[in-house]
Amino acid sequence: MPTLIGSVRRLMLTPSLAEVTFAVRGFPVTPTDATRRLEAIPQAVITGFEWGIDARDQWEVERRLSMVDQELRGFAYEGATMAFTIVDAMGGQRGTRTRDLLLGPGQPHIFLTYIGIGFAMARLPRPLWKKIMPDLSGSAYYPTMSWLAVDGFGFDRAYFDTRRWVDEQRVPAPYAWEGSPDYFLRAVDQGIGRALWFMHGGQVADIAARVGGFATHRQPDLWSGVGLAATFAGGSGPEGLAALRRASGEHHAQLAQGSVFAAKARTFAGFVPEHTEVATAALTDLSIDGAVALADATAVETPGSDGTPAYELWRAGVRAHFASSGDRILA
């Protein structure tokens, strides 16, 4: 049952489902069954957010989330995490809603719930950012994968403020996330790359042109985000994925790294849709089991001696596999 305060928050903060559709956002997407499935993903996020921002207790939110289709459930958890993060950060004292969710039923979706924290970052002033990441000691991949929150921030800005963040290629001021302000900018670009997949409905030529329009040093991280989105969210068949691999050219290792992380995230959540299997094979030449084995074998828990985040060391380990295999491009 909603509370009065929750209802006010919902009215003030929640976009309508129509606001996240590709047509309303002005994205150049031709409606097809595939793009409508992609469009359902941001709508699932908004649904989870509505439940989280308006709820009297966590049990009610958890129960609602459990009834979401498996393929979309993680995205609904993203939205609920976004809501809980905002409520926790805006309270007089640090709340525990986010921590309780992520250490409870949200654990299988930990990769996506970090992204939900990033969506909250996009709506909170920077002084509050120091309050948003709960202590998740004992949770898998904490704090290594907390960089996905910054990825989520980048995705949100590209999706909802496309003119500044994509057309004008705005670069945010650095922020010392996990003590690494320079890497903050790279993680933002990874999220922008994910957003490009949605904004162009998985159309390879348009996505490649967008990525190619960015500064050269930003393109590798953008391609990584594209690979993650193509594999986790779907939206393209084998022919399109083969074209995507060719289009990535010298950045195939980055594209494949994103795909491997997506396969790992889907497996960790306990549900791997067919499109993830197809994309993993097309972009990496690996089965789902092979991609997960690669991710596990290259996992890193501590930063480098030079301060490089463990997250980037992990990503680099995955990329090295594809570099050593010659980064073969499909004919």
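Counted from 1, the sequence shown has number 216 at position 45 by the numbering used here; the numbering is strictly sequential.
Ideal placement from N, C-alpha and C gives every residue a C-beta, glycine not left out.
Computed from a predicted structure; not experimentally measured.
- For the pair VAL489 and MET238, the Cα-to-Cα distance works out to about 35 Å.
- Under the DSSP assignment, ARG437 falls in the alpha helix (DSSP H) whose first and last residues are 423-440.
- If you check the CB distance, GLN390 and VAL382 come in under 8 Å.
- The alpha-carbon of ASP377 is positioned some 16 Å away from that of GLY408.
- Excluding the 5 residues flanking it on each side, VAL431 has same chain C-beta neighbours closer than 7 Å at THR455, ALA462, LEU465, ALA466 and VAL489, in chain order.
- Here ALA293 is not bridged, per DSSP, to any residue.
- Listed in chain order, the non-local C-beta contacts of LEU236 below 8 Å within the same chain comprise GLY219, TRP222, ARG244, ALA247, TYR248, ALA251 and PRO276, local neighbours out to five positions each way being set aside.
- Here the stretch 279-294 lies against the stretch 321-328, with 3 or more beta-carbon pairs under 8 Å apart.
- LYS301 is classed as exposed because its beta carbon has fewer than 16 other beta carbons within 10 Å across all chains shown.
- A straight-line Cα-Cα distance of about 7 Å links ASP392 and GLY364.
- Closest in C-alpha terms to MET304, from the list ILE257, ARG208, ASP332 and GLY420, comes ILE257.
- Selection ALA404, PRO199, SER395 and GLY441 evaluated against GLU421 yields SER395 as nearest (Cα-Cα).
- Three or more Cβ pairs closer than 8 Å define a contact, and the stretch 470-481 meets that threshold against the stretch 307-319.
- Beyond the five residues adjoining it in sequence on each side, ALA450 comes within less than 8 Å, by CB distance, of ALA401, THR402, GLY405, SER407, LEU412, SER430 and ALA433 in the same chain, given in chain order.
- If you look at PHE193, you'll find it in the alpha helix (DSSP H) that goes 193-196.
- Taking a C-beta distance under 8 Å as the contact criterion, LEU307 and LEU274 qualify as a contact pair.
- The stretch 227-236 makes no contact with the stretch 200-215: fewer than 3 CB pairs, one atom from each, lie closer than 8 Å.
- Judged by DSSP in its simplified three-state form, ILE303 adopts coil rather than helix or strand.
- The beta-carbon separation of ILE281 and ALA311, rounded to 6 Å, stays under the 8 Å limit for a contact.
- Here the alpha carbon of PHE355 sits roughly 16 Å from the alpha carbon of ASP477.
- With respect to ALA293, ARG328 sits close: the two C-beta atoms are nearer than 8 Å.
- For a cut-off of 8 Å, the C-beta gap from LEU209 to GLY372 is around 6 Å, short enough to register as a contact.
- Distance from the CA atom of ALA427 to the CA atom of GLY266, rounded to whole angstroms, is 38 Å.
- For VAL443, same chain residues with a beta-carbon under 7 Å away, outside a window of 5 residues either side, are ARG437 and ILE459 in chain order.
- The Cβ atoms of PRO345 and ASP353 lie closer than 8 Å to each other.
- In its chain, beyond the 5 residues on either side, GLU210 have a beta carbon closer than 7 Å to the beta carbon of THR192.
- Contact annotation: GLN340 and PHE385 have beta-carbon atoms nearer than 8 Å.
- About 16 Å separates the CB atoms of ALA424 and ALA468; that is not less than 8 Å, and the two are not in contact.
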